[in-house]
Every structure is written in C-alpha cells, then in structure tokens.
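Protein chains in written order, with this note's numbering: chain A, 1 to 142; chain V, 1001 to 1142; chain L, 2001 to 2142; chain U, 3001 to 3142.
One structure is given here, and the rest of the page talks about it.
4 protein chains.
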Amino acid sequence: MEMRTLRREDFDYIINMEPRWRDMDGLRHINHATYLSYLETVRIQYMEKLGYDVNDWDRKRSSILASMKIDYHQQSSFPNQYEIGARVIRIGNKSFDILNALFEQNNSVPVVTGVFTVVGFDYAAQETIPVSERIKKEYRPF
Amino acid sequence: MEMRTLRREDFDYIINMEPRWRDMDGLRHINHATYLSYLETVRIQYMEKLGYDVNDWDRKRSSILASMKIDYHQQSSFPNQYEIGARVIRIGNKSFDILNALFEQNNSVPVVTGVFTVVGFDYAAQETIPVSERIKKEYRPF
Amino acid sequence: MEMRTLRREDFDYIINMEPRWRDMDGLRHINHATYLSYLETVRIQYMEKLGYDVNDWDRKRSSILASMKIDYHQQSSFPNQYEIGARVIRIGNKSFDILNALFEQNNSVPVVTGVFTVVGFDYAAQETIPVSERIKKEYRPF
Amino acid sequence: MEMRTLRREDFDYIINMEPRWRDMDGLRHINHATYLSYLETVRIQYMEKLGYDVNDWDRKRSSILASMKIDYHQQSSFPNQYEIGARVIRIGNKSFDILNALFEQNNSVPVVTGVFTVVGFDYAAQETIPVSERIKKEYRPF
C-alpha cells in the first residue's frame, strides 16, 4: 500500500486534533513521537465509539499494541489544525490493524501515516483474547 | 488573592483546550506538569494576539519564564473539554505576571490556577529587555 | 528564603538525573514543565526511601500535590548531568512541603528550585489523611 | 529478521537509560510513544559518537526520520534500568537503517525493538543529502 497517496476520502472516521507549542522539539517541527500520542487518542476515541469505556480500568476486554509501522511524509509545526483518519484494514482472530493518516488543513498529502497492530488483551489476566464482533464489523479492507 | 474562587467571568481572554489520553499518568488523572503545557500554549496564543510571531525564532523581542506559583484545586481526567483564561495582573519595567485558570465544562471551580512571572528577554543577546507597550495595555489588575 | 543561593550542601538526599533530547523545546533549552517530571521522579524515589511502595496503586496511604512555587534561575540544555536535592522544610497535620533544587555539574547556582506542598491523600476514599510519622521524621527546616 | 530473538550481544553500542515515573501512562506501564524518546536520545548520542554535534542547530549535515517499524514484546514499568543497543543494519545512498533494542536488566528478551530509516538531510536547504562516509563505516549487517 502506498501510504503517501492516502487521502481524507479513504477514511470514514476522522477526528480533529490541535498541536500544542510543546509538541515541537529542538528542530522546531512536531516531534516524531508526539504524533503517536495524537494517534493514540484517536484510537481510543474510536474504541469508545465502538462501545468500549475508556474509564473501565479493569481492562478485562481491552487491547494492547503489538507493533506499528510509521511513515513520515512531511514536516509540520505549531500552530496547526490536524484531521486524523482511522480505518480497520485487517482482522485476525486475536489481532487487527488500524490504519491512521494525519492531514494538515489545505494539504492533501498526509503528514504522517501509520499501521498499528492491536491485540485483544485482558490486562487483569494478562492474556490475549479474541477480537470482538463489534470490531470485526468495522473491517474495511482496501 | 483567593485562587479557588476565580471564575470564567474574571477573564476576557479564554481559549479551549482538549486533553489527550496520554496526558493522564499512572494515577489516571491529568498529570500536574501536563497542565503547564496547556497553559504554555495559551500564553503563546495570547502573545500572538498581542502581535508577537511564534515562528520568529530569532527571539530578539521575546520573553522567558522566571517563576510560577501553581495551585491544584481538583483532579481531572481524559476525556474532557477545558476552557483556559489568561489575564495580565501585574506590570513591572522588565517583567509582568499572567494569571491563568483552567475550567472543566459545567464546573465553576477551577481545576488549576497559576501565576506566571514572565521577563522580557532577547534570546540572541541573552539579556532582559523592557516590557513592550503592547503588553502594558493588557494590564488588568484585580 | 533566597532560592538562588541554595547549594548542594543544603540537601542530604540527592538523586542524579539525565535529560533526554526531547526534553528540549523549540527554544532549544529544557522546557519549563519537563523539569517538573524530573522533580516528580525524585519525590517518588524519596517516598520509596521512606517506605512507600510506588507500585501500591490502591494508594490508600498516598499523597497529592496541592500547590508548587517554582523559580527558574538559569537555562539548561541536553546533553547534561543533573543532581537534584530534596528536603522536607515544613510539616503540618495533613500536609508538608518538599524543597527541590536542580544543579548542573560544575555549577553551584541551581538551574531550577521549587517548593511542593503535598497533602496526605487516600485515593480510594478520595479524602485527605494525616501526614505519616515517617515523613515527620524527615522534617529539616532552615 | 526475528526481532524477539535479538540479544545484547547483537549490539556493539549500548547506552543505559532510566525511566521517569511520568513515562507510565494510565495503564501503569511505560507508554508506547515514550520508548521512542529513549531511542531518539540513543540515536543522537550515537551520532555524537560518529562526530556530529548535537548543538549544531544549522543542521546542514543532519538527518531526518523517514519511517520506523516498532515491535513491542513485553510490558515494562517504572522504576527500571534499561540498556539500549544501536546498530546500523542497512546503508543506501541517501538513507540508512538503525536497529534498536531495549532490554530490562536480568531479562534477555527485549522489551521493544525498532528499525528506523533515517535520511541524510540539510535542514537549511530542506533537501536530502548523501549518507556520510563516517556512517557508512558503521554498517554492520546481519
């Protein structure tokens, strides 16, 4: 999949996000790791939409990040207004992949794209669990 | 000044801010230091309103934080919607004080309040400079 | 108390800390809020020394930050080696004050100093509790 | 390459790193994005060893992160002592790959591993530049 050619239209679920001044590092662009906190927030909001409770800290029916592949296409800085898309592009028995792309306003090329492999996880038992039916319904491959 | 009794009406300048999931720490409330990044962003947006250019990295006519006094009145967590007020409550020759208060929606008592003593500073020369006339106009004591 | 004249010798408890590159902000010095994460870590290590368990997440016998007064005396940047002192300078029934000072190597003047007012707190019951006898023993006023 | 089977012995260059309390998130483990700030610091220290000056902010002979692939093998929490290895495992004309692995003490399986594709970059001209001869000497494929 060619990440750089992803566009807003490739996503049904889009969240707005504003950077903070501190999100810039010494190079005066948004730090590479800070984008991941934006995307994490979007994943969690997306999960809330699917019926998960972010404040259910028992986390018996939760998930854990197993791996991610991130591509940085452009630099970006504060101030800004971002739109971040999320899409479930793979479903397995115990894991699924979420694709994210982050866009600046008036710029069709994404700043950052990422694929996150998330595993169903019971934090209390510390063991993997099957992907829920609700998430399976979100599956929308390319 | 009784910080806990500050209200939105005490501020002319108010900015909205949304927490991110990562802003919570292991105690599952917004971390005390993270609020300071919210308030920093508000100070910078306020300075932009007063004619400063956040991207003027020469910073010959900038300012530096000398001290701050922060009071934590309530705990707060993600997700949330904050309103943050800013007000110049003291003006000196080379420094001034900005008062900030952060409010949750539907809650009149502030979560956090702070007074920031900011000194006019030329980063190129690394020396203090007088407070600008533009900032002096913002002076609004209690 | 004149914070700028604090010296290493004013502290019995000193912890080493190393900055990370990301601790610098767009001004290429350590960000004002990031120092607070250093000092937070030192407070927690200090509490561990006094018998508290950082991984006791029930937090029935814990504490919460009520306020802080921070003074920034010098700028500092990555890479660096810091020494951070901690000292209990006030004891009340339900609260106490910890003084912190952060020093660069080969520099007797502190970079940052702070006084943190900490309240005994039961997170489960969400109510204040008396200061423990163990902390009272640490009291060492100026 | 099987990331989970990487061991300390696979690395010549190893740096120690200590987590801070704030590095934990609401799940009370080190946040996935925070590991990237550890690895960033190690990359920068590694570049310093190769003759780059971290404080050369002109950055005419610098580099920029193009992409990364991160695998999370275990959870980890504060307090801890980490060892982080770095190794150049691919060299191209204008880019190279650094492999990182982060280990807890007394644990041979890595907590996190990552491959970072870094592009030679002139920040002043905002254009890619060839990989330096000095970095090419570090090339050590599997």
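Heads up, the beta-carbon is just placed ideally off N, CA and C, and yes, glycines get one too.
Whether L/ILE2030 touches L/SER2076 by CB criterion (7 angstroms): The count along the third sequence starts at 1 and reaches residue 2030 of chain L at position 30. The count along the third sequence starts at 1 and reaches residue 2076 of chain L at position 76. Yes. Within cutoff.
Opposing strand residues paired with L/GLU2133 [DSSP bridges]: For the purposes of this step, residue 2133 of chain L is taken as residue 133 along the third sequence, with counting starting at 1. L/GLU2133 is not bridged to any residue.
Cβ neighbour criterion (16 or more within 10 Å) applied to V/ASN1016: The count along the second sequence starts at 1 and reaches residue 1016 of chain V at position 16. Classification of V/ASN1016: exposed, given that the 10 Å Cβ count is below 16.
Sub-7 angstroms separation of U/ALA3086 and A/TYR72 beta-carbons: Here the question's residue 3086 of chain U lines up with position 86 in the fourth sequence. Here the question's residue 72 of chain A lines up with position 72 in the first sequence. Going by C-beta atoms, U/ALA3086 is not nearer than 7 angstroms to A/TYR72.
L/ALA2066 at chain V interface by Cβ criterion, 7 angstroms: Here residue 2066 of chain L corresponds to residue number 66 of the third sequence, with the count starting at 1. For L/ALA2066, the answer is yes, since a Cβ of chain V falls inside 7 angstroms of its Cβ.
Beta-carbon gap between L/THR2113 and L/SER2095 smaller than 7 angstroms: In the third sequence, counting from the first residue as 1, residue 2113 of chain L sits at position 113. In the third sequence, counting from the first residue as 1, residue 2095 of chain L sits at position 95. No, these two residues do not count as a Cβ contact at 7 angstroms.
Alpha-carbon to alpha-carbon, A/VAL115 and A/ARG90: The residue labelled residue 90 of chain A in the question sits at position 90 within the first sequence. The residue labelled residue 115 of chain A in the question sits at position 115 within the first sequence. Computed Cα separation, rounded: 10 angstroms.
Chain U contact for L/GLU2040 (CB, 7 angstroms cutoff): Position 40 of the third sequence, counted from the start, is the residue given in the question as residue 2040 of chain L. Output row for L/GLU2040: interface = yes.
C-beta contact flag for V/TYR1123 and V/ARG1059 at 7 angstroms: Position 123 of the second sequence holds residue 1123 of chain V. Position 59 of the second sequence holds residue 1059 of chain V. Going by C-beta atoms, V/TYR1123 is nearer than 7 angstroms to V/ARG1059.
Cβ neighbours of A/SER104 in the same chain (closer than 7 angstroms, five flanking residues each side left out): Within the first sequence, the letter at position 104 stands for residue 104 of chain A. According to the sequence provided, residue 104 of chain A is Glu. The question's Ser does not apply to it. Taken in chain order, the residues that qualify are SER76, ASN80, TYR82, VAL111.
Short CB-CB distance (under 7 angstroms) between V/SER1181 and chain A: Past the boundaries of the shown model lies residue 1181 of chain V; chain V is included only from 1001 to 1142, so the question cannot be answered.
Residue nearest to L/GLY2026 in terms of C-alpha spacing, selected from V/GLY1120, V/ASP1056, V/PHE1078, V/ALA1033: Taking the first residue of the third sequence as 1, we reach residue 2026 of chain L at position 26. Nearest C-alpha to L/GLY2026: V/ASP1056.
Selection from V/MET1068, V/ARG1028, V/TYR1046 that minimises the alpha carbon distance to V/LEU1036: For the purposes of this step, residue 1036 of chain V is taken as residue 36 along the second sequence, with counting starting at 1. Among V/MET1068, V/ARG1028, V/TYR1046, the Cα nearest to that of V/LEU1036 is on V/MET1068.
Counted within 10 angstroms of its Cβ, other Cβ atoms place A/ASP53 as buried (16 or more) or exposed: By 1-based counting over the first sequence, the position of residue 53 of chain A is 53. So A/ASP53 ends up on the exposed side.
Cβ-Cβ distance between U/TYR3088 and U/ILE3098 below 7 angstroms: In the fourth sequence, residue 3088 of chain U corresponds to position 88, counting from 1. In the fourth sequence, residue 3098 of chain U corresponds to position 98, counting from 1. Looking at the sequence itself, residue 3088 of chain U is Val, so the reference to Tyr does not match. Taking 7 angstroms as the Cβ cut-off, U/VAL3088 and U/ILE3098 qualify as a contacting pair.
Burial state of A/GLU40 (16 or more Cβ within 10 Å): Working through the first sequence from its first residue, we reach residue 40 of chain A at position 40. So A/GLU40 ends up on the buried side.
The region 1096–1112 of chain V: positions lying closer than 9 angstroms to chain A by Cβ: none
Other residues of its chain near U/ILE3129: CB distance less than 6 angstroms, five sequence neighbours each side excluded: Numbered from its first residue, the fourth sequence carries residue 3129 of chain U at position 129. Same-chain partners within the cutoff: GLY3120, ASP3122.
Min CB distance A/ILE89 to chain U below 7 angstroms: Taking the first residue of the first sequence as 1, we reach residue 89 of chain A at position 89. Not closer than 7 angstroms to any Cβ of chain U, the Cβ of A/ILE89 fails to qualify, so no.
Inter-residue Cα distance where the pair is V/ARG1043 and A/TRP21: On the second sequence, position 43 is the one that residue 1043 of chain V refers to. On the first sequence, position 21 is the one that residue 21 of chain A refers to. Approximately 10 angstroms between the Cα atoms of the pair.
Inter-residue spacing [alpha-carbon to alpha-carbon] between A/LEU50 and L/MET2047: For the purposes of this step, residue 50 of chain A is identified with residue 50 of the first sequence, where counting begins at 1. For the purposes of this step, residue 2047 of chain L is identified with residue 47 of the third sequence, where counting begins at 1. Between A/LEU50 and L/MET2047, the C-alpha separation is close to 41 angstroms.
L/TYR2052 - DSSP class collapsed to helix/strand/coil: Taking the first residue of the third sequence as position 1, residue 2052 of chain L is located at position 52. Residue state, collapsed to three classes: coil.
Cβ neighbours of U/GLU3134 in the same chain (closer than 7 angstroms, five flanking residues each side left out): For the purposes of this step, residue 3134 of chain U is identified with residue 134 of the fourth sequence, where counting begins at 1. Glu is not the amino acid found at residue 3134 of chain U; the sequence shown has Arg there. These residues qualify, in order along the chain: LEU3050, GLY3051.
Inter-residue CB distance, U/ALA3205 and U/PHE3011 (contact presumed, cutoff 8 angstroms): Since the first and last residues shown for chain U are 3001 and 3142, residue 3205 of chain U lies out of range.
Under 8 angstroms (Cβ pairs) to chain A, residues found in the region 2020–2036 of chain L: TRP2021, ARG2022, MET2024, ASP2025, GLY2026, ARG2028, ASN2031, ALA2033
Cβ distance (whole Å) where V/ARG1008 is taken to contact V/ILE1014 below 8 angstroms: As a position in the second sequence, residue 1008 of chain V is number 8, starting the count at 1. As a position in the second sequence, residue 1014 of chain V is number 14, starting the count at 1. Their Cβ separation, rounded to whole angstroms, is 7 angstroms, which keeps V/ARG1008 and V/ILE1014 in contact under 8 angstroms.
Residue environment, U/THR3034, which counts as buried when at least 16 other CB atoms sit within 10 Å: Here residue 3034 of chain U refers to the residue found at position 34 when the fourth sequence is read from its first residue. U/THR3034 should be labelled buried.
CA nearest to the CA of A/ILE84, picked from A/GLU18, A/THR5, A/GLU2, A/MET1: Here residue 84 of chain A refers to the residue found at position 84 of the first sequence. Answer by Cα proximity: A/GLU18.
Where U/VAL3054 meets chain L, residues with beta-carbon distance less than 8 angstroms: Taking the fourth sequence and counting its residues from 1, one reaches residue 3054 of chain U at position 54. Correct list: TRP2021, PHE2078, PRO2079.
Short CB-CB distance (under 7 angstroms) between L/ILE2135 and chain V: By one-based count along the third sequence, residue 2135 of chain L stands at place 135. Chain V, which has no Cβ nearer than 7 angstroms to the Cβ of L/ILE2135, makes this no.
Short CB-CB distance (under 7 angstroms) between L/ILE2015 and chain U: Taking the third sequence and counting its residues from 1, the one referred to as residue 2015 of chain L is at position 15. No, L/ILE2015 does not count as interfacial toward chain U.
Start-to-end residues for the beta strand (DSSP E) that takes in U/PHE3078: For the purposes of this step, residue 3078 of chain U is identified with residue 78 of the fourth sequence, where counting begins at 1. Note, U/PHE3078: premise wrong, no beta strand (DSSP E); not H, not E.
Three-state secondary structure assigned by DSSP to A/ASP122: For the purposes of this step, residue 122 of chain A is taken as the residue at position 122 of the first sequence. Strand, per DSSP.
Neighbour list for L/ASP2012 in chain V, Cβ cutoff strictly below 8 angstroms: The sequence position of residue 2012 of chain L within the third sequence is 12, counting from 1. None at all; the shortest Cβ gap to chain V is about 25 angstroms.
Outcome for V/MET1024 when other beta-carbon atoms lying within 10 angstroms are tallied against a minimum of 16: Here the question's residue 1024 of chain V lines up with position 24 in the second sequence. So V/MET1024 ends up on the buried side.
Beta-bridge partners of L/ARG2022, as assigned by DSSP: Indexing the third sequence from 1 puts residue 2022 of chain L at position 22. L/ARG2022 is not bridged to any residue.
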